[in-house]
């Protein structure tokens, strides 16, 4: 049996959890208000409940934790080499996640743009569905995908769109080429999050 475990760690927006099996991350949870809720929701996400005992955290999970913390501190870490358990996912979901892994912090795209990359603009809703099932929110940055009408859309992590907006604010993301989350205010005039 492959070793598996879960670790919960603090971030500027609350607890985050990462679950792993073997040498791959199998799930991520972020946006909850307390560690107990994070542990429960992560267990629901990966279909397994974990004991309160912490397993030894493998190096690849420690590296992912440092990247999550760097992102939430305003950095732009590269998650593309983080080993994720894509093999059990539907092909479309995997393809969508591979596309959004290319986005850098602060970059956004739309459901329609991803559908076009997949070769069929009619897949926009399927892209939204795949993002709603993302088991790796923040590592696979589904928070960077917006509606073509400028609407924020949903988010697969706890807190939904409120958490998505926090992440986009931290990244100083642009919602469109003309407006950002704060109506084009200069950087020094933007409200800063206090979490």
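Numbering (UniProt numbering), first residue to last: 1 to 195.
C-beta atoms are modelled at their ideal positions from N, C-alpha and C, and glycine is treated no differently.
Remember, predicted model here, so these are calculated numbers, not experimental data.
Assuming residue i and residue j are in contact, meaning their beta carbons sit under 8 angstroms apart, how far apart are those beta carbons, in whole angstroms?
i	j	result
residue 106	residue 148	Rounded, the Cβ-Cβ distance is 19 angstroms, inconsistent with contact.
residue 16	residue 33	At roughly 12 angstroms, the Cβ-Cβ gap does not stay under 8 angstroms, so residue 16 and residue 33 are not in contact.
residue 150	residue 175	6 angstroms
Between which two residues does the beta strand (DSSP E) holding residue i run?
i	result
residue 64	Segment 59-72 is the alpha helix (DSSP H) holding residue 64; no beta strand (DSSP E) there.
Indicate the three-state DSSP secondary structure (helix, strand or coil) for residue i in the structure shown.
i	result
residue 160	helix
residue 152	coil
residue 13	coil
residue 27	strand
residue 8	strand
residue 166	helix
residue 21	strand
residue 36	helix
Where do the ends of the alpha helix (DSSP H) carrying residue i lie?
i	result
residue 47	It is not in any alpha helix (DSSP H) - residue 47 carries neither H nor E in the DSSP assignment.
Under 8 angstroms, with one C-beta from each stretch per pair, do the region 71-81 and the region 2-17 reach the 3-pair mark? yes
Any alpha helix (DSSP H) of 4 or more consecutive residues that is wholly inside the region 68-129: 91-100, 111-117
Per the contact definition of three or more C-beta pairs closer than 8 angstroms, is the region 139-147 in contact with the region 94-108? yes
Counting pairs of Cβ atoms below 8 angstroms between the region 115-128 and the region 159-173, do you hit three or more? no
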